[in-house]
Amino acid sequence: MENYRVDAHCDTLLGLDKSFIKSDSREGSFYSNDSIAVDIRKMQEANHDLQFMAVFISPIFNPHSSLKMCLHYIDLLNRKVDNNSEYVSLITNYKELKENKSKGKISLLLSLEGGEALTDDIAVLRVLYKLGLRCITLTWNHRNNLADGVGESITNGGLTNFGKEVVKEMNRLGIIIDVSHLSEPGFWDVADLTTKPIIASHSCAYRLCNHKRNLKDHQIRKISELGGVIGVNYYTEFLENDPKKANVKSIVNHIEYIANVGGIESVGLGSDFDGAKTPGDISDISKTYKIKDEMKKRGFSHDDINKVMGNNFVRVIKDIL
Numbered sequence: 020m021e022n023y024r025v026d027a028h029c030d031t032l033l034g035l036d037k038s039f040i041k042s043d044s045r046e047g048s049f050y051s052n053d054s055i056a057v058d059i060r061k062m063q064e065a066n067h068d069l070q071f072m073a074v075f076i077s078p079i080f081n082p083h084s085s086l087k088m089c090l091h092y093i094d095l096l097n098r099k100v101d102n103n104s105e106y107v108s109l110i111t112n113y114k115e116l117k118e119n120k121s122k123g124k125i126s127l128l129l130s131l132e133g134g135e136a137l138t139d140d141i142a143v144l145r146v147l148y149k150l151g152l153r154c155i156t157l158t159w160n161h162r163n164n165l166a167d168g169v170g171e172s173i174t175n176g177g178l179t180n181f182g183k184e185v186v187k188e189m190n191r192l193g194i195i196i197d198v199s200h201l202s203e204p205g206f207w208d209v210a211d212l213t214t215k216p217i218i219a220s221h222s223c224a225y226r227l228c229n230h231k232r233n234l235k236d237h238q239i240r241k242i243s244e245l246g247g248v249i250g251v252n253y254y255t256e257f258l259e260n261d262p263k264k265a266n267v268k269s270i271v272n273h274i275e276y277i278a279n280v281g282g283i284e285s286v287g288l289g290s291d292f293d294g295a296k297t298p299g300d301i302s303d304i305s306k307t308y309k310i311k312d313e314m315k316k317r318g319f320s321h322d323d324i325n326k327v328m329g330n331n332f333v334r335v336i337k338d339i340l
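For what it's worth, the working numbering labels the leading residue of the sequence shown as 20, then goes sequentially.
Pasting the structure below:
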């Protein structure tokens with residue numbers, strides 16, 4: 020397999036959307052934009068191959084406007100892709116990813132962060148699949164109709180009956196199940212139910228930073244057993260118990276730890292750019308090479324570096340999509 024550069028999570032659509040800011044109704048440029056960490060120019064500089072583009076819907080729109088907002092962001096992404104079709108293209112499967120790489124195009128994958136937009140109707144999932152959706156982070160931090168998020172841990176709640184139906188249908192359709200933000204009982208419900216690998220698109224290791232959003236060792240091992248991948252998040256709050264100390268070395272600390280617990284095949288990158296505060300020495304996607312350089316300094320092999328930088332996530336895409 021060729022070597023790929025992949026980032027499994029960014030919130031850049033939020034930065035591109037100016038329609039709700041009355042003082043500035045113009046949308047931001049996706050080609051070159053100093054106000055966002057992920058744009059086409061920066062991805063080109065990073066020799067980037069694939070970016071997961073998350074649709075995050077603010078809780079203020081839930082529950083009644085969540086689907087409307089989801090469609091709003093899908094439309095925004097499609098228009099940005101159409102306006103820059105020389106450089107980027109949305110993909111729905113591994114074949115399209117390979118074709119884009121051969122043409123020198125950057126691939127984008129549509130992801131949904133939080134299942135509120137499904138509105139308790141499995142038909143909506145199937146329609147969103149037809150619109151190109153290929154990954155769903157089942158919850159954000161709060162409870163929805165699928166499951167409890169990590170912010171509801173006091174309830175000890177996992178998947179709902181509807182959530183179990185969604186997981187089964189995602190397996191059938193070929194949509195990647197993402198367990199970042201999910202409560203720990205929900206995580207184990209998914210692990211017991213899924214017939215496909217699962218990912219945690221933007222999470223870190225709890226043992227290194229004891230934030231509730233980070234994964235325990237037994238969760239890391241289970242994702243690995245299922246053939247899945249954890250995208251290490253660059254958010255300073257998830258990297259270090261003292262966030263001011265976070266830097267690129269902190270990111271590689273989590274990569275190294277997850278690789279030691281779950282194996283090198285279980286770890287990748289999930290920056291959370293444009294949705295979280297990242298360390299000053301990796302302020303945008305063009306700086307991703309610093310992770311590779313730090314891994315090289317620590318003695319990671321060329322093959323293992325390439326697995327982390329993207330090949331592991333491509334393996335999951337090839338398996339599911």
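All C-beta atoms, glycine included, are put in the ideal place defined by N, C-alpha and C.
Everything numeric in this text was worked out from a predicted model, so none of it was measured.
Open item on the list: Using the three-state DSSP reduction, which class does S130 fall into: helix, strand or coil?
Closed with: Mapped onto the sequence shown, residue 130 falls at position 111. The three-state secondary structure of S130, taken from DSSP, is strand.
Open item on the list: Below 8 angstroms on the Cβ atoms is my contact criterion, and I expect D197 with S172 to pass it. Report the Cβ-Cβ distance as a whole number of Å.
Closed with: On the sequence shown, position 178 is the one that residue 197 refers to. On the sequence shown, position 153 is the one that residue 172 refers to. Not confirmed; about 18 angstroms, so no contact.
Task: Distance between N102 and I270 (C-alpha atoms, nearest Å) - done: Locating residue 270 in the sequence shown gives position 251, counting from the first residue. Locating residue 102 in the sequence shown gives position 83, counting from the first residue. When rounded, the distance between both Cα atoms is 34 angstroms.
- [ ] Determine the extent of the beta strand (DSSP E) in which R240 is found, giving its start and end residues.
- [x] Sequence index remark: in the sequence shown, residue 240 carries index 221 (1-based). That residue, R240, is in no beta strand (DSSP E); its alpha helix (DSSP H) goes 236-244.
Open item on the list: Going by beta-carbon coordinates alone, are D291 and Y253 separated by less than 7 angstroms?
Closed with: One-based indexing of the sequence shown puts residue 291 at position 272. One-based indexing of the sequence shown puts residue 253 at position 234. It is a contact, given that the beta carbons lie within the stated cut-off.
Open item on the list: Quick check on DSSP: helix, strand or coil for L137?
Closed with: On the sequence shown, residue 137 is found 118 positions in, with the first residue counted as 1. In the structure shown, the three-state DSSP call for L137 is helix.
Task: Three-state secondary structure (DSSP) of F49 - done: In the sequence shown, counting from the first residue as 1, residue 49 sits at position 30. If DSSP states are grouped into helix, strand and coil, F49 belongs with coil.
Task: Beta-carbon proximity list for L152, same chain, < 7 angstroms, skipping 5 on both sides - done: For the purposes of this step, residue 152 is identified with residue 133 of the sequence shown, where counting begins at 1. Around L152: L129, L131, I194.
TODO: Identify, in the order they occur along the chain, each residue of the same chain with its Cβ nearer than 6 angstroms to the Cβ of G170, setting aside the five sequence neighbours on each side.
DONE: Start at 1 with the first residue of the sequence shown, and residue 170 comes out as number 151. These residues qualify, in order along the chain: N160, H161.
Open item on the list: Between which residues of its own chain and R226 is the CB-CB distance below 7 angstroms, once the five residues before and five after are set aside?
Closed with: If you number the sequence shown from 1, residue 226 lands on position 207. If the five residues before and after R226 are omitted, its C-beta is found closer than 7 angstroms to the C-beta atoms of D236, Y276, all from its own chain and listed in chain order.
- [ ] Report buried or exposed for M189, applying the criterion of at least 16 other Cβ atoms within 10 angstroms of its Cβ.
- [x] Here residue 189 refers to the residue found at position 170 of the sequence shown. Under a 10 Å Cβ-count criterion, M189 is classified as buried, with 16 or more other Cβ atoms of the shown protein chains found around its own Cβ.
Open item on the list: Looking at D323: is its Cβ nearer than 7 angstroms to the Cβ of I274?
Closed with: Walking along the sequence shown from the start, residue 323 turns up at place 304. Walking along the sequence shown from the start, residue 274 turns up at place 255. Contact: no.
Open item on the list: Quick check on N266: buried or exposed, where buried means 16 or more other Cβ atoms within 10 Å of its Cβ?
Closed with: Numbered from its first residue, the sequence shown carries residue 266 at position 247. It counts as buried.
Task: Beta-carbon contacts of I40 that lie in its chain and below 6 angstroms, excluding the five residues immediately before and after - done: Residue 40 sits at position 21 when you count from the first residue of the sequence shown. Low confidence applies here, because I40 scores a pLDDT of 48, under 50, leaving its location unreliable; read the following figure in that light. Excluding residues within five positions, none has a Cβ falling inside 6 angstroms.
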